[in-house]
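Below you'll find the structure, written out as structure tokens, and then a few comments.
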Amino acid sequence: MKIAIINFGMGNLGSVRRAFEDIGSEVCIANHPAAIYDANRIVLPGVGAFTEGMACLTNAGWVSALHEVVIQQGKPLLGICLGMQMLATTGHEGGETNGLGFIPGKVQRLDAIGCKLRIPHVGWNEVNYQKDDVLFDGIPDSSDFYFVHSYVFVPEKDEHLIAKVPYDVEVAAVVRNGNVFGCQFHPEKSSKAGRQLLKNFMGYSPC
Amino acid sequence: MLKVRVIPTLLWKDFGLVKGVGFDSWRRVGPVLPAIKVYNARDVDELILVDIAASQEGNAPDHDSVNDFSEECSVPFTVGGGITSLDQILSLLHAGADKIAINTIAYSNPELVDAAARRFGMQCVVASIDARRFEGGRYSCFSHSATIDTGRDPVEWAKELTDCGAGEILLTSINRDGTMLGYDLDMVERVAKAVDVPVIASGGAGNYQHMIDVVQQAGASAVAAASIFHFTELTPAGAKLAMQVAGIPVRRNFVSAGQK
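Chains as they are written, first to last, in our numbering: chain P, -7 to 199; chain G, 16 to 275.
The following block contains the structure:
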């Protein structure tokens, strides 16, 4: 099973690659959009700012390639952290920026949705399932995952909200729309629980 | 609820790990890689690795070694020491670091903190502050592994760094470093109150109660420690258990529920 990790110039690429190699996946670092066409799964990692991230994706031709491979061909995609946020319709970070629009919703700063705790939200926090999902196979509800973010994905529809994390307010931890998955935490840095989640993603096949 | 992290700090000099007292009298602790393997196998919350000689000797971060180290690390990995440019940060992130710690360069070039936060996100930038307490209670920040007095007040400097976009503060007491006499509660409390970002308390942990105190009395979001884990039988897991008993939320280690 071959996973393409999108390298758009931002992100902890090394950690993500390691994690997938660790669980036995064949990893391809996709430096160019052409590289995602022959992969079975795609991961969009990312740490950084929404606006810059989208600019990098757009300028290098990733947006149209992702539309074709993920939306038209239906290949499973996992967005991690900023990669998850860019799945949204719009980002609100220094003005409004269009996202990929794969999962309806917007991205806002934690304090804009009422969070009064320290920002960024850094550390291990519990992920509470809203519904059963293939990503959670073998992982008990309320397991701790590693978060580090200041912005959050606010899904438009409840049906896309798969798991939440409490940080003064309820924050989307996992979102999903069909073959498109996103997690706000970093599975690649969440030790054993994270490895299991990545295995589950690799094992998932869309019907 | 967000958990309080227990973070072993690994100080790296030449080819191995060292630990000193007051940033001096360095003792060899052992090679780096086996230590990272052990901490990873024990599923610690996070690891911090600092090359303590880099800034003093003017060396760039050793990105090849970081690549080898991160291979063995499946928990968040912060790397610091000798960072002076965005390119170095990028290469460390590609080598497997998740966050980078900036200390010495920030005094002469605070714009680097700002540029790094804008490029890689504030969550990626840990601002490291080493501060000494003088008689009479005055504090001053030191650069170059605690050898050069910058004259900056740690509270004001922490505020400036977070204004520049630092996402966390790693606050080390030079006086308490390696003494195992407990954290500098007063300094941690003042900095934690002054900034909105998480503060990692460092320097002085000698027993589990010290960790509990710096969280409950001084408001630390995480506790870093080195000597206690290198030189005593105390462990990160033991620390978390003690903290849990004291009512502090800590991360439970993952137990598989079995495949469905």
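Ideal Cβ positions, reconstructed from N, Cα and C, are used throughout, including at glycine.
| Item | Value |
| --- | --- |
| Contacts around residue 126 (chain P), its chain only, beta-carbon distance under 7 Å, and the 5 residues preceding and following it disregarded | 192, 196 |
| Residues bridged to residue -6 (chain P) (per DSSP) | P:18 |
| Residues, ordered as in the chain, of the stretch 128 to 145 of chain G that lie near chain P by beta-carbon distance below 9 Å | 132, 133, 134, 135, 136, 137, 138, 139 |
| Exposure label - residue 25 (chain P); buried when at least 16 CB within 10 Å | buried |
| Unbroken stretches of the alpha helix (DSSP H), 4 residues or longer, contained in the stretch 109 to 156 of chain G | 119 to 123, 126 to 135 |
| Local Cβ density within 10 Å of residue 64 (chain P), reported as buried at 16 or more and exposed below that | exposed |
| Residues near residue 249 (chain G) by beta carbon distance below 6 Å, same chain, minus five either side | 243 |
| Which of helix, strand or coil DSSP assigns to residue 122 (chain P) | coil |
| Burial state of residue 167 (chain G) (16 or more Cβ within 10 Å) | buried |
| Rounded C-alpha distance that separates residue 32 (chain P) from residue 12 (chain P) | 13 Å |
| Opening and closing residue of the beta strand (DSSP E) in which residue 62 (chain G) lies | 62 to 66 |
| Rounded straight-line distance, which links the Cα of residue 117 (chain P) to that of residue 263 (chain G) | 13 Å |
| Through-space distance from residue 50 (chain G) to residue 223 (chain G), alpha-carbon basis | 21 Å |
| Residues of the stretch 221 to 243 of chain G whose Cβ lies closer than 9 Å to any Cβ of chain P, in chain order | 236, 237 |
| Per-residue burial, residue 42 (chain G) [other beta carbons within 10 Å of its own, 16 or more giving buried] | exposed |
| CA-to-CA distance, residue 141 (chain G) to residue 184 (chain G), given in whole angstroms | 6 Å |
| Given 8 Å, three or more beta-carbon pairs between the stretch 171 to 182 of chain P and the stretch 118 to 138 of chain P | yes |
| 9 Å Cβ cutoff, residue 121 (chain G) in contact with chain P | no |
| Closer than 9 Å to chain G by CB, residue 10 (chain P) | yes |
| Delimiting residues of the beta strand (DSSP E) encompassing residue 136 (chain P) | 136 to 141 |
| Beta-carbon contacts of residue 129 (chain G) that lie in its chain and below 8 Å, excluding the five residues immediately before and after | 179, 180 |
| Helix, strand or coil at residue 175 (chain P) [DSSP, three-state] | strand |
| Selection of the stretch 174 to 197 of chain G by Cβ proximity to chain P, strictly under 9 Å | 182, 183 |
| Own chain residues within Cβ distance below 8 Å of residue 2 (chain P), not counting five before or after | 38, 39, 40, 44, 45, 48, 74 |
| Environment of residue 112 (chain P) [buried if 16+ CB atoms lie within 10 Å] | buried |
| Close Cβ partners of residue 21 (chain P) (< 6 Å) along its chain, the five nearest in sequence each way excluded | -3, -1 |
| Any chain P beta carbon closer than 9 Å to residue 49 (chain G) | no |
| Cβ neighbour criterion (16 or more within 10 Å) applied to residue 56 (chain P) | exposed |
| Distance, residue 239 (chain G) Cα to residue 247 (chain G) Cα | 15 Å |
| Enclosing alpha helix (DSSP H) for residue 25 (chain P) [first to last residue] | Premise fails: residue 25 (chain P) is in no alpha helix (DSSP H) and is neither H nor E. |
| Which of helix, strand or coil DSSP assigns to residue 4 (chain P) | coil |
| Test item: CB-CB of residue 55 (chain G) and residue 89 (chain G) under 9 Å | yes |
| Where the stretch 155 to 176 of chain P meets chain G: residues whose CB sits under 8 Å from a CB there | 158, 159 |
| Meets three-Cβ-pair contact criterion under 8 Å: the stretch 28 to 37 of chain G and the stretch 98 to 109 of chain P | no |
| Chain P contacts from the stretch 202 to 213 of chain G (Cβ-Cβ distance under 7 Å) | 211, 212, 213 |
| CA nearest to the CA of residue 89 (chain P), picked from P:189, P:130, P:78 | P:78 |
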